[in-house]
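Peer 1: One structure, pasted below without further comment.
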Amino acid sequence: MSGTLLLQSALAGITNGFVYALIGLGIAVIFRGTRIINAMQGEFALVGGMTASLTLDRLGLPLAFAALGGVAAGGLLGWITDLLLVRPTRRRGGTEESFLLLTLGIAFAISAGVLFLIGRDSRLLPGIGGEGSQIFFDAAIRTHALWLIAISALVMLLLWLFYRRTHIGLSMMAASIDEEGAASIGIDVPRMRTLTFLLGGLVGGLAGVLVSPLITIHYEMGLLLTLKGFAAAILGGLTNPFGAVVGGVTLGLIESLAVLSVSSGYKDVIAMTILILIMIVLPNGMLGKRTRTGG
Amino acid sequence: MKELAQEVPASMSPARAGSAQLRIWTVSLVLLVLWASVPLFASRSAVDMLVFSGLYTIAGLGVTFLLGQCGIVSLAQSVFYGIGAYSTAYCTTHFGWPAPVGFVIGIGISAAIAVAVGWPVLRLSGYFLALATLALAIIGQVLFTEWDWLTGGTLGIGGVPQLDLFGFVLNTPQRFYYLVWPLAAAVLLLHRNLLHSRTGLAMRAMRDAPAAAAVLGVDNHALKVKVFVLSAVLGALAGSLFAHYVSFVSVDSFGVDRAINFLLLAVLGGAKTIIGAVFGALFITIMPRVLSQFGDIHAVLFAGCLIAAVMFLPEGFGGLLQRLAQRAGASARS
């Protein structure tokens, strides 16, 4: 195996890893804020990417506006999901399983809705920096992939600051850690949960916008993306804000090495096997310290 | 099959219980006659749909039982369903072995995999277990596609021979209907008995208070693995029947969407009741067909039904029926 090939596949793995990390980040945001594993995180990305792509193609707005529209669409979807579906289910005393099934059901509805409204076509957004790429020691990486990595890292940093430094971020954490305690000091717990979903939706929409220049988006992509993102989040530890990146990049690298050494057809098998093994062997992830809940 | 849903409340007086018993027998008989006469007047496509309901009842019962009695969300049933179907297809077409061998091999492989995979994976619980089983379903789907020397990949395996019971060839939906539903009824009955046995009590203890069950000497983990194996066996059985019925198997039938359908079946039907699997199976076969008259939007509507069921009918149809039966019983007594 030549060094260039290895480097090339490592770069591809890192790029994919940041995609998984962005999805995983959204899952971690929602898990930390509501203790719900959101099985529709990939659908946030789907809706975000589709919205951006459609605004660009049909309305002809500049790329920046289309991208903002995509992010906003993800956030809006998260907000609506919580208000209309998650909150009533919680009021009826939803269990862990029922929330998982609920978000899974919504994921299907969205996937089917996209199929119905937009069709089977895969869509692609133009990347930042167009089709250009950068060369590192003979190996190429898309300029857009570098932007994706930079923006993901920035978002992660901002989220970290948000949860540490802002009043609202701290309230969201409090509402999730101790519901009654938070309520007794005047935090509106349901609103914090809705905001959590909004935030998760925004991150998901951003993921969709950033991913769609690299991977074509189509109505079926959500579920596998959710699972890979979940694997990334678990791998790094659901409670650690930087866990998703560490997990995502690890997963991406392992996947691309697997493609090199085994066969591209088995990529998902390897990723899923790793997911299962990690959950059994390292339930707190590679960076996790606290005991996990929910498992 | 329907008689499983009703039980005579223990508090009834003997005379009342006698008349209630009579009523139950009458209702059962009417249902039985109704069931038996369906293929005589229903259209071929309707009977075909009901055959699928029967197949899904068998496979879905495994999921229902895991979810309702052990609190395990399994999204891996499509894998065992696929193993059953491929075993039958491969053994009968490639080796020309008789049908029972296919059934036995499918069930054997499924059980072995269920033990090997279930042993480590069932240490997980909650979300983690659900996602692990979903990951298994994805692994299964990819392997069914990639191992084309065994499964025919996306082209599948065709020409699986029809089942033949003592010279009576089950080559029409009507004939298969009379095989699949009695089998489903037998499986339901066996599970009902299991539920009322010592093991059944241990399962419910484990589901509701795992620590207490462990203190009372229930080996929770081993019990979970056993139920998982049982569920896998049902999946393989249904898969083998499916292969014989449609005589063609391809990876499209054993994807993640199938696994999710089986879980839907369990949730919609009502996981805590045994009979729920029947309602769930009828729902997931009939509803899409009914909704398909609305055109392409039917998948959205179907997903909407799922969401509504999770939100408003957490106990499923089986639970709803049980509540109605209890209310009827209470009003009859007062």
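Chains Z and R supply the protein sequences, listed in that same order. To convert, take the position in the first sequence, counting from 1, and add 456; that gives my numbering. To convert, take the position in the second sequence, counting from 1, and add 24; that gives my numbering. Glycine included, C-beta positions come from ideal geometry on N, C-alpha and C.
Answer yes or no: does any C-beta atom of chain Z fall closer than 7 Å to that of R:Ile-331?
Peer 2: Reading the second sequence from its first residue, position 307 is the one you call residue 331 of chain R. Answer yes: the Cβ-Cβ gap between R:Ile-331 and chain Z drops below 7 Å somewhere.
Peer 1: Contact between the region 95-104 of chain R and the region 284-292 of chain R is defined here as three or more beta-carbon pairs at a separation below 8 Å; is this criterion met?
Peer 2: Enough Cβ pairs lie closer than 8 Å, so yes.
Peer 1: What I want to know is whether the C-beta of Z:Phe-593 ends up closer than 6 Å to one or more non-hydrogen atoms of the ligand ATP.
Peer 2: In the structure on display, the ligand ATP does not appear, and there are no ligands present to speak of.
Peer 1: Would DSSP call R:Phe-341 helix, strand or coil?
Peer 2: Start at 1 with the first residue of the second sequence, and residue 341 of chain R comes out as number 317. Helix at R:Phe-341.
Peer 1: Which runs of the alpha helix (DSSP H) spanning at least 4 residues fall entirely within the region 466-550 of chain Z, listed in chain order?
Peer 2: With a minimum length of 4 residues, the continuous alpha helix (DSSP H) runs that stay inside the region 466-550 of chain Z are 497-510, 519-537 and 543-547.
Peer 1: Inspect the CB distances between the region 58-70 of chain R and the region 180-195 of chain R and report whether three or more fall short of 8 Å.
Peer 2: Touching, no, given that fewer than three Cβ pairs across the two stretches are closer than 8 Å.
Peer 1: Just the C-alpha distance for Z:Leu-515 and Z:Ile-574, rounded to the nearest angstrom, thanks.
Peer 2: As a first step, residue 515 of chain Z must be located in the first sequence, where it is residue number 59. As a first step, residue 574 of chain Z must be located in the first sequence, where it is residue number 118. Computed Cα separation, rounded: 15 Å.
Peer 1: Taking the alpha-carbon positions, what's the R:Val-184 to Z:Ser-509 distance?
Peer 2: Position 160 of the second sequence holds residue 184 of chain R. Position 53 of the first sequence holds residue 509 of chain Z. Roughly 46 Å between the two C-alpha positions.
Peer 1: Would the beta-carbon of Z:Gly-678 fall within 7 Å of that of Z:Gly-498?
Peer 2: On the first sequence, position 222 is the one that residue 678 of chain Z refers to. On the first sequence, position 42 is the one that residue 498 of chain Z refers to. Result yes, Cβ atoms of Z:Gly-678 and Z:Gly-498 sit closer than 7 Å.
Peer 1: Just to confirm the assignment, what range does the beta strand (DSSP E) spanning Z:Ile-597 have?
Peer 2: One-based indexing of the first sequence puts residue 597 of chain Z at position 141. Note, Z:Ile-597: beta strand (DSSP E), 595-598.
Peer 1: Spell out a yes or no on whether the region 109-126 of chain R and the region 331-343 of chain R are touching, meaning 3 or more CB-CB pairs, one atom from each, closer than 8 Å.
Peer 2: Counting Cβ pairs under 8 Å, fewer than three are found: no touch.
Peer 1: Just to make sure I have the definition right: I need the residues of chain Z whose C-beta is within less than 8 Å of the C-beta of R:Glu-339. Which are they?
Peer 2: Within the second sequence, residue 339 of chain R is the residue found at index 315, counting from 1. What R:Glu-339 touches in chain Z: nothing, since even the nearest Cβ is about 11 Å away.
Peer 1: Which of the three DSSP states, helix, strand or coil, is assigned to Z:Phe-592?
Peer 2: Counting from one through the first sequence, the residue named residue 592 of chain Z turns up at place 136. Three-state result, Z:Phe-592: strand.
Peer 1: Mapping the DSSP letters down to three states, classify R:Asp-188 as helix, strand or coil.
Peer 2: Locating residue 188 of chain R in the second sequence gives position 164, where the first residue counts as 1. R:Asp-188 falls in the strand class under three-state DSSP.
Peer 1: Does chain Z have any CB closer than 7 Å to the CB of R:Phe-104?
Peer 2: Taking the first residue of the second sequence as 1, we reach residue 104 of chain R at position 80. No - not a single Cβ of chain Z is within 7 Å of the one on R:Phe-104.
Peer 1: Determine whether the Cβ of Z:Leu-397 lies closer than 7 Å to any Cβ atom of chain R.
Peer 2: With chain Z running from 457 to 751 in the structure shown, residue 397 of chain Z is simply not present.
Peer 1: Quickly, what does DSSP pair R:Val-128 with across the bridge? List them, please.
Peer 2: Counting from one through the second sequence, the residue named residue 128 of chain R turns up at place 104. Beta-bridge pairing links R:Val-128 to no other residue.
Peer 1: Checking contacts by CB at 7 Å: is R:Phe-252 closer than that to chain Z?
Peer 2: Numbered from its first residue, the second sequence carries residue 252 of chain R at position 228. Not closer than 7 Å to any Cβ of chain Z, the Cβ of R:Phe-252 fails to qualify, so no.
Peer 1: Using a 10 Å radius around the Cβ and a threshold of 16 neighbouring Cβ atoms, would you call R:Phe-319 buried or exposed?
Peer 2: What you label residue 319 of chain R is simply residue 295 of the second sequence in a count that begins at 1. Inspection of the sequence shows that residue 319 of chain R is occupied by Gly rather than by Phe. Answer is exposed; the Cβ neighbour count stays below 16.
Peer 1: Quick one: what does DSSP say Z:Arg-579 is sitting in, helix, strand or coil?
Peer 2: Numbered from its first residue, the first sequence carries residue 579 of chain Z at position 123. Correct three-state label for Z:Arg-579: strand.
Peer 1: When you check each C-beta in the region 632-660 of chain Z against every C-beta of chain R, which residues fall closer than 7 Å?
Peer 2: Residues passing the 7 Å Cβ filter: none.
Peer 1: Quick check on Z:Ile-584: does DSSP put it in helix, strand or coil?
Peer 2: Within the first sequence, residue 584 of chain Z is the residue found at index 128, counting from 1. Three-state DSSP puts Z:Ile-584 in coil, outside helix and strand.
Peer 1: Please report the residue range of the alpha helix (DSSP H) in which R:His-322 lies.
Peer 2: Numbered from its first residue, the second sequence carries residue 322 of chain R at position 298. Run containing R:His-322: 322-336, per the alpha helix (DSSP H) assignment.
Peer 1: Do Z:Leu-557 and R:Val-334 count as a contact pair if the criterion is CB distance below 7 Å?
Peer 2: Taking the second sequence and counting its residues from 1, the one referred to as residue 334 of chain R is at position 310. Taking the first sequence and counting its residues from 1, the one referred to as residue 557 of chain Z is at position 101. Cβ atoms of R:Val-334 and Z:Leu-557: closer than 7 Å.
Peer 1: Going along chain R in order, which residues have a C-beta closer than 7 Å to the C-beta of Z:Val-725?
Peer 2: Position 269 of the first sequence holds residue 725 of chain Z. By Cβ distance, chain R contributes Ile-163, Val-166 and Leu-167.
Peer 1: Excluding the 5 residues flanking R:Pro-197 on each side, which residues of the same chain have their C-beta closer than 7 Å to its C-beta?
Peer 2: In the second sequence, the residue the question calls residue 197 of chain R occupies position 173. Counting only Cβ-Cβ distances below 7 Å, and skipping sequence neighbours, we find Arg-68, Val-71, Asp-72 and Val-75.
Peer 1: Is the shortest distance between the beta-carbon of R:Leu-148 and the beta-carbons of chain Z less than 7 Å?
Peer 2: Taking the first residue of the second sequence as position 1, residue 148 of chain R is located at position 124. Chain Z, which has a Cβ nearer than 7 Å to the Cβ of R:Leu-148, makes this yes.
Peer 1: On a CA-only basis, which of Z:Thr-511, Z:Thr-706 and Z:Arg-576 is nearest Z:Glu-676? Give me that one, please.
Peer 2: On the first sequence, residue 676 of chain Z is found 220 positions in, with the first residue counted as 1. Residue Z:Arg-576 is the option with its Cα nearest to Z:Glu-676.
Peer 1: Please determine, among Z:Thr-652, Z:Val-667 and Z:Thr-672, the residue with the shortest C-alpha to C-alpha distance to Z:Ile-605.
Peer 2: Residue 605 of chain Z sits at position 149 when you count from the first residue of the first sequence. That would be Z:Val-667, whose Cα lies nearest to the Cα of Z:Ile-605.
Peer 1: Would you report the Cα separation of Z:Gly-550 and R:Gly-106, rounded to the nearest angstrom?
Peer 2: Start at 1 with the first residue of the first sequence, and residue 550 of chain Z comes out as number 94. Start at 1 with the first residue of the second sequence, and residue 106 of chain R comes out as number 82. Taking the straight line joining both Cα atoms gives about 32 Å.
Peer 1: Which runs of the alpha helix (DSSP H) at least 4 residues long sit entirely within the region 660-724 of chain Z? Give them in chain order.
Peer 2: Correct list: 678-692 and 699-717.
Peer 1: If we define contact as Cβ-Cβ less than 7 Å, is Z:Gly-569 a contact residue for chain R?
Peer 2: Here the question's residue 569 of chain Z lines up with position 113 in the first sequence. For Z:Gly-569, the answer is yes, since a Cβ of chain R falls inside 7 Å of its Cβ.
Peer 1: Quick check: is the beta carbon of R:Asp-243 nearer than 7 Å to any beta carbon in chain Z?
Peer 2: Taking the first residue of the second sequence as position 1, residue 243 of chain R is located at position 219. False, the Cβ-Cβ gap to chain Z never drops below 7 Å.
Peer 1: Name, please, each residue of chain Z whose Cβ falls closer than 7 Å to the Cβ of R:Ile-321.
Peer 2: Here the question's residue 321 of chain R lines up with position 297 in the second sequence. Within 7 Å Cβ-Cβ: Phe-572.
Peer 1: Is the beta carbon of Z:Gly-530 sitting closer than 7 Å to the one on Z:Leu-654?
Peer 2: Here residue 530 of chain Z refers to the residue found at position 74 when the first sequence is read from its first residue. Here residue 654 of chain Z refers to the residue found at position 198 when the first sequence is read from its first residue. Against a cut-off of 7 Å, the Cβ pair of Z:Leu-654 and Z:Gly-530 comes out as no contact.
Peer 1: Could you tell me whether the region 295-305 of chain R touches the region 80-92 of chain R, where touching means 3 or more Cβ pairs closer than 8 Å?
Peer 2: Contact holds: three or more Cβ-Cβ distances are below 8 Å.
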